[in-house]
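Trainee: Before I ask anything, let me first share the structure, which is written out below as structure tokens.
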Amino acid sequence: MKNVLLIIKKEFNRFFKDRRMILMLFLPGLLIFCLYSLIGTVMEKAAPTIPEGYKPTVYFCRLPDGFLSENDLKLLEGKDFETLEEAKSNVAEGTLDIVVEFQANFTAAVEGSSRPEVKVYYNSSVQTSIVGYTLATGILSGHNAFTVNSTPTEKFDLVDEDEQVTNIFAMVIPLLMFSLLASSCISVAPEAIAGEKERGTMATMLITPVKRIEIVLGKILSLSCYAMLSGIISFLGVILSLPKLSGGLLNLGAVSYGVGTYFMLFGLIISIVLVMISAFSVLSTLAKNVKEATAFIGPLMLVIILLGMSSMFFTNPSVGLYAIPFIGSGIAMSAVLSTTASALGVVLAILSNLVLTALLVVLMGFMFKKENIMLKK
Amino acid sequence: MEEILKVEGLTKTFKQPKKLFKKAEGPETVVAVNNLSFAAYKGEIFGLLGPNGAGKTTTLRILATLIKPDSGNAHICGKSVVSEEDEVRKKIGFLTSELKLEDAFTPDYLFDFFSGLYGIDKSIAQSRKFSLFQKFGIDAFKNQKYGNLSTGMKQKVALVVSIAHDPEFIIFDEPTNGLDVLTARVVTDFLQELRADGKTIILSTHIFSLVEKLCDRVGILIDGKLAALDTLENLTKEKNLEDTFFELYEKVTGAKI
Chain A
586 MKNVLLIIKK EFNRFFKDRR MILMLFLPGL LIFCLYSLIG TVMEKAAPTI PEGYKPTVYF
646 CRLPDGFLSE NDLKLLEGKD FETLEEAKSN VAEGTLDIVV EFQANFTAAV EGSSRPEVKV
706 YYNSSVQTSI VGYTLATGIL SGHNAFTVNS TPTEKFDLVD EDEQVTNIFA MVIPLLMFSL
766 LASSCISVAP EAIAGEKERG TMATMLITPV KRIEIVLGKI LSLSCYAMLS GIISFLGVIL
826 SLPKLSGGLL NLGAVSYGVG TYFMLFGLII SIVLVMISAF SVLSTLAKNV KEATAFIGPL
886 MLVIILLGMS SMFFTNPSVG LYAIPFIGSG IAMSAVLSTT ASALGVVLAI LSNLVLTALL
946 VVLMGFMFKK ENIMLKK
Chain B
112 MEEILKVEGL TKTFKQPKKL FKKAEGPETV VAVNNLSFAA YKGEIFGLLG PNGAGKTTTL
172 RILATLIKPD SGNAHICGKS VVSEEDEVRK KIGFLTSELK LEDAFTPDYL FDFFSGLYGI
232 DKSIAQSRKF SLFQKFGIDA FKNQKYGNLS TGMKQKVALV VSIAHDPEFI IFDEPTNGLD
292 VLTARVVTDF LQELRADGKT IILSTHIFSL VEKLCDRVGI LIDGKLAALD TLENLTKEKN
352 LEDTFFELYE KVTGAKI
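Taken in sequence, the protein lines are chains A and B. Residue numbers for the first sequence follow the working numbering, so the first one is 586 and each next one is one higher. Residue numbers for the second sequence follow the working numbering, so the first one is 112 and each next one is one higher.
Put into structure tokens, the structure is as follows:
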């Protein structure tokens, strides 16, 4: 164990004393943040416009007679519902733009001394609902006799924020995480193993009494830490740019994941990094130089990203699928983010990654003993 | 005399690399070392002399446990290079241009790192580092990155790191290659000091004068076989080593130099 720690420390020294490596640690996250924010801005500008003359649909609840002028009513298209709740659920589903609810005994209240309230319900994820809301509040503004949406405790935006955000996360994050983690792993594995072989520094370590498996473990663990750090920084870049990417409609404050979700996510990320680093390290060990290692790893990286993406296509995955490395991780990550994950599925996904990592480490241990692999020129 | 190294019937064959789209010419395998046997004793500098491709580097790599022989064995301090590699590695130091140190680290860090890998106690390693760095003048550049050092400085650092664990048996492959005369002198003086300390040294070189100056016994390798093995005096008699070597080479290979 002492030798493993020595090798980890040496690798950390190499990573964190090299300005290029530190730059490479932060650069992908920064680039992702800038790129996604830029894409968000462009998309916002190019967002589909509502057709000219569109009349937002509205359900009036207790609309006092003669309260709105003929001209005002021409701007909106009235709809009828049995109950206020039914109308509100239609707004939430996006089939009705807005609901305008007048307080009971509104006219009497206006004529009396109290200021009654008019409530305008809308759905911020539907463009036409936002137009309807803007129109209605415009019409209702400028009156001192009543207030609009003044109850601070009430939620007037009927969008299901949790579901909106978690669904986007469940769809996008696994793909992004797989791509980011794979990019982080490919930036360090070839250099640390094939690079050391190419430079002749690996052979210097091989003539010391350190066991081959200790060298392998030291390499895998240190590379995993670096790749995970890089992956997490990139992940933060993604998270911070998501509001802009979603055109400001996505309210990240609405995400209410519990500690368990973060715990499962963390476990999955660690196990994915470990298995990716191990797989890339095996190919780097086979290669005689960094160039060859990168060429070997490139196709595998694409396959891994595709396997991670495959989670999008399984709507009702069986438990057995969780046990397939990469595919299971993608499915588990997606399920965790949409808060539908079962603990068994996540544990299976993590275990399958760890088992594969262990097998790859043992394989590397054997490879490190082979002179035709380690001393290949 | 205490036998530190015993080589018995060492043989190593390499496969020729296959070339794509081209018919391979010549044999598929090359015998690099052919039934090699010799011994080296405590406090001795044993010279291994031979032309390129004679099998010197392969022999040294086998002794350093980097590669395994196809047949035969070698024992260093009684430990087999075939079955007790980890034990052998504790007892040997290997300096060769083939083994490099990482450019990103300082000599100070490299010494600490390798003495750590050899399991040397920290306080012992520190005092050894202090004396070796002083002897080779490494103190002046111990905190500079290895990659920024001159060839001579690098060779001094590599030498010091290779013996960080105070090995009984030391393998030097062309230790003065590429060095200026001053550094080369420091290295050769140090080899003599090591011998005086009772260390056993295998020295592989092309430089006849170095062998004449340092070696107690010499083995001449030609085409993977030991063509001659004796003390320098017995081998050269009244000639110099260079003439003896070429005479032997012509006799063994039939080639005219």
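Ideal Cβ positions, reconstructed from N, Cα and C, are used throughout, including at glycine.
(1) How far does the alpha helix (DSSP H) with S856 (chain A) in it extend, from its first residue to its last?
(2) For C646 (chain A), which of helix, strand or coil comes out of DSSP?
(3) Report the residue ranges of all beta strand (DSSP E) runs contained in full by the stretch 670-727 of chain A; include only those spanning at least 3 residues, in chain order.
(4) Look at the Cβ atom of L159 (chain B), then the Cβ atom of T170 (chain B), and state whether they are nearer than 8 Å.
(5) Would you kindly work out how many angstroms separate the C-alpha atoms of M918 (chain A) and L615 (chain A), rounded to a whole number?
(6) Quick one: Cα of R797 (chain A) to Cα of K190 (chain B), how far?
(7) Does G785 (chain A) have its Cβ less than 8 Å from a Cβ in chain B?
(8) If we call anything under 8 Å between Cβ atoms a contact, is A185 (chain B) one with I203 (chain B)?
(9) Closest to K587 (chain A) by CA distance: which of B:V144, B:L116, B:K117, B:F225 is it?
(10) Among the candidates B:Y360, B:T262, B:A215, B:K362, whose CA atom is the shortest distance from the CA of L290 (chain B)?
(11) Find out if the Cβ-Cβ distance for the pair L314 (chain B), I115 (chain B) is shorter than 8 Å.
(12) Note the first and the last residue of the continuous beta strand (DSSP E) segment covering F149 (chain B).
(13) Looking at the structure shown, is F618 (chain A) part of a helix, part of a strand, or coil, going by DSSP?
(14) Would you identify the three-state DSSP class for N254 (chain B), choosing helix, strand or coil?
(15) Starting from the C-beta of P872 (chain A), find all residues in its chain whose C-beta is less than 6 Å away, skip the five residues before and the five after it, and write them out in chain order.
(16) Grouping DSSP H, G and I as helix and E and B as strand, with all else coil, what is S194 (chain B)?
(17) Where does C326 (chain B) land, buried or exposed, given buried means 16+ other C-beta within 10 angstroms?
(18) From the DSSP output, which residues share a beta bridge with F205 (chain B)?
(19) Expressed to the nearest angstrom, what Euclidean distance is found between the alpha-carbon atoms of L206 (chain B) and D284 (chain B)?
(20) Quick one, which of B:I235, B:K267, B:H276, B:A151 has its alpha-carbon nearest D300 (chain B)'s?
(21) Whose C-beta lies closer than 7 Å to the C-beta of P902 (chain A) among residues of the same chain, with five residues either side of it excluded?
(22) Run down chain B in chain order and give the residues with a C-beta less than 7 Å from the C-beta of D603 (chain A).
(23) Within 8 Å, do at least three Cβ pairs link the stretch 205-221 of chain B to the stretch 770-789 of chain A?
(24) Please check if any C-beta of chain B sits within less than 8 Å of the C-beta of P794 (chain A).
(25) Suppose you measure from the CA of E323 (chain B) to the CA of F600 (chain A); what does that come to, to the nearest Å?
(26) Under a CB-based cut-off of 8 Å, is Y257 (chain B) close to chain A?
(27) Taking N938 (chain A) and I857 (chain A) to be in contact with their CB atoms under 8 Å, please state how far apart those CB atoms are, rounded to whole angstroms.
(28) Which chain B residues are close to A788 (chain A), counting only those with a beta carbon under 7 Å from its beta carbon?
(29) Let me check understanding here. Comparing Cα to Cα, which of A:F865, A:P701, A:A721 lies closest to N729 (chain A)?
(30) I want to verify the contact list: residues of chain A whose CB lies under 7 Å from the CB of G227 (chain B), in sequence order.
(31) Helix, strand or coil for A767 (chain A) per DSSP?
(32) Closest Cβ-Cβ distance between F205 (chain B) and chain A: below 8 Å?
(33) Buried or exposed, going by whether 16 or more other CB atoms sit within 10 Å of the CB of L944 (chain A)?
(34) Between which two residues does the beta strand (DSSP E) harbouring S315 (chain B) extend?
(35) Of the residues that make up the stretch 931-957 of chain A, which ones have a beta carbon closer than 7 Å to any beta carbon in chain B?
(36) What are the boundary residues of the beta strand (DSSP E) that A338 (chain B) is part of?
Mentor: In brief:
(1) Within the first sequence, the letter at position 271 stands for residue 856 (chain A). Taken as a continuous stretch (DSSP letters only), the alpha helix (DSSP H) holding S856 (chain A) covers 844-871.
(2) Walking along the first sequence from the start, residue 646 (chain A) turns up at place 61. C646 (chain A): strand per DSSP, three-state reduction.
(3) Listed in chain order, the complete beta strand (DSSP E) runs (minimum 3 residues) inside the stretch 670-727 of chain A are 683-687, 702-706.
(4) What you label residue 159 (chain B) is simply residue 48 of the second sequence in a count that begins at 1. What you label residue 170 (chain B) is simply residue 59 of the second sequence in a count that begins at 1. Yes, the pair counts as a contact, with Cβ atoms nearer than the cut-off.
(5) One-based indexing of the first sequence puts residue 918 (chain A) at position 333. One-based indexing of the first sequence puts residue 615 (chain A) at position 30. Between M918 (chain A) and L615 (chain A), the C-alpha separation is close to 23 Å.
(6) For this step, residue 797 (chain A) is matched to residue 212 along the first sequence. For this step, residue 190 (chain B) is matched to residue 79 along the second sequence. The alpha-carbon of R797 (chain A) is positioned some 19 Å away from that of K190 (chain B).
(7) Indexing the first sequence from 1 puts residue 785 (chain A) at position 200. Chain B, which has a Cβ nearer than 8 Å to the Cβ of G785 (chain A), makes this yes.
(8) Indexing the second sequence from 1 puts residue 185 (chain B) at position 74. Indexing the second sequence from 1 puts residue 203 (chain B) at position 92. Taking 8 Å as the Cβ cut-off, A185 (chain B) and I203 (chain B) do not qualify as a contacting pair.
(9) In the first sequence, the residue the question calls residue 587 (chain A) occupies position 2. Of the candidates B:V144, B:L116, B:K117, B:F225, the one whose C-alpha sits nearest the C-alpha of K587 (chain A) is B:F225.
(10) Counted from its first residue, the second sequence places residue 290 (chain B) at position 179. When only C-alpha atoms are compared, the closest one is B:T262.
(11) Indexing the second sequence from 1 puts residue 314 (chain B) at position 203. Indexing the second sequence from 1 puts residue 115 (chain B) at position 4. No; because the gap between Cβ atoms is not below 8 Å, this pair is not in contact.
(12) Here residue 149 (chain B) corresponds to residue number 38 of the second sequence, with the count starting at 1. Residues 140-152.
(13) By one-based count along the first sequence, residue 618 (chain A) stands at place 33. It is helical.
(14) In the second sequence, residue 254 (chain B) corresponds to position 143, counting from 1. Residue state, collapsed to three classes: coil.
(15) If you number the first sequence from 1, residue 872 (chain A) lands on position 287. Just to set this straight, residue 872 (chain A) is Ala in the shown sequence, not Pro. Cβ neighbours of A872 (chain A) beyond the five flanking positions: A779, A878, F881.
(16) Taking the first residue of the second sequence as 1, we reach residue 194 (chain B) at position 83. Correct three-state label for S194 (chain B): coil.
(17) Taking the first residue of the second sequence as position 1, residue 326 (chain B) is located at position 215. With 16 or more Cβ atoms within 10 Å of its Cβ, C326 (chain B) is classed as buried.
(18) What you label residue 205 (chain B) is simply residue 94 of the second sequence in a count that begins at 1. Its beta-bridge partners are B:I282.
(19) On the second sequence, residue 206 (chain B) is found 95 positions in, with the first residue counted as 1. On the second sequence, residue 284 (chain B) is found 173 positions in, with the first residue counted as 1. One C-alpha to the other measures close to 6 Å.
(20) Locating residue 300 (chain B) in the second sequence gives position 189, where the first residue counts as 1. Checked all of B:I235, B:K267, B:H276, B:A151; the closest Cα to D300 (chain B) is B:K267.
(21) Taking the first sequence and counting its residues from 1, the one referred to as residue 902 (chain A) is at position 317. If we look at P902 (chain A) and ignore the five residues flanking it on each side, its Cβ neighbours are I916.
(22) Within the first sequence, residue 603 (chain A) is the residue found at index 18, counting from 1. Within chain B, the residues near D603 (chain A) are A215.
(23) yes
(24) Sequence index remark: in the first sequence, residue 794 (chain A) carries index 209 (1-based). Taking CB atoms only, P794 (chain A) has a neighbour in chain B less than 8 Å away.
(25) Residue 323 (chain B) sits at position 212 when you count from the first residue of the second sequence. Residue 600 (chain A) sits at position 15 when you count from the first residue of the first sequence. Looking at the two C-alpha atoms, the distance is approximately 46 Å.
(26) Locating residue 257 (chain B) in the second sequence gives position 146, where the first residue counts as 1. Not one chain A Cβ lies under 8 Å of Y257 (chain B).
(27) The sequence position of residue 938 (chain A) within the first sequence is 353, counting from 1. The sequence position of residue 857 (chain A) within the first sequence is 272, counting from 1. Right, the Cβ-Cβ distance comes to about 6 Å (below 8 Å), so this counts as a contact.
(28) Within the first sequence, the letter at position 203 stands for residue 788 (chain A). Within 7 Å Cβ-Cβ: L177, E209, L210.
(29) Working through the first sequence from its first residue, we reach residue 729 (chain A) at position 144. Ranking the options by Cα distance to N729 (chain A), first place goes to A:P701.
(30) As a first step, residue 227 (chain B) must be located in the second sequence, where it is residue number 116. The answer, in chain order, is L591.
(31) The residue you call residue 767 (chain A) lines up with position 182 of the first sequence. If DSSP states are grouped into helix, strand and coil, A767 (chain A) belongs with the helices.
(32) Residue 205 (chain B) sits at position 94 when you count from the first residue of the second sequence. Judged by the 8 Å Cβ criterion, F205 (chain B) is in contact with chain A.
(33) The residue given as residue 944 (chain A) occupies position 359 in the first sequence. Label assigned to L944 (chain A): exposed.
(34) Within the second sequence, residue 315 (chain B) is the residue found at index 204, counting from 1. First-last of the beta strand (DSSP E) with S315 (chain B): 311-316.
(35) Result list: E956.
(36) As a first step, residue 338 (chain B) is located in the second sequence; it is residue number 227 there, counting from the start. That run of the beta strand (DSSP E) goes 336-342.
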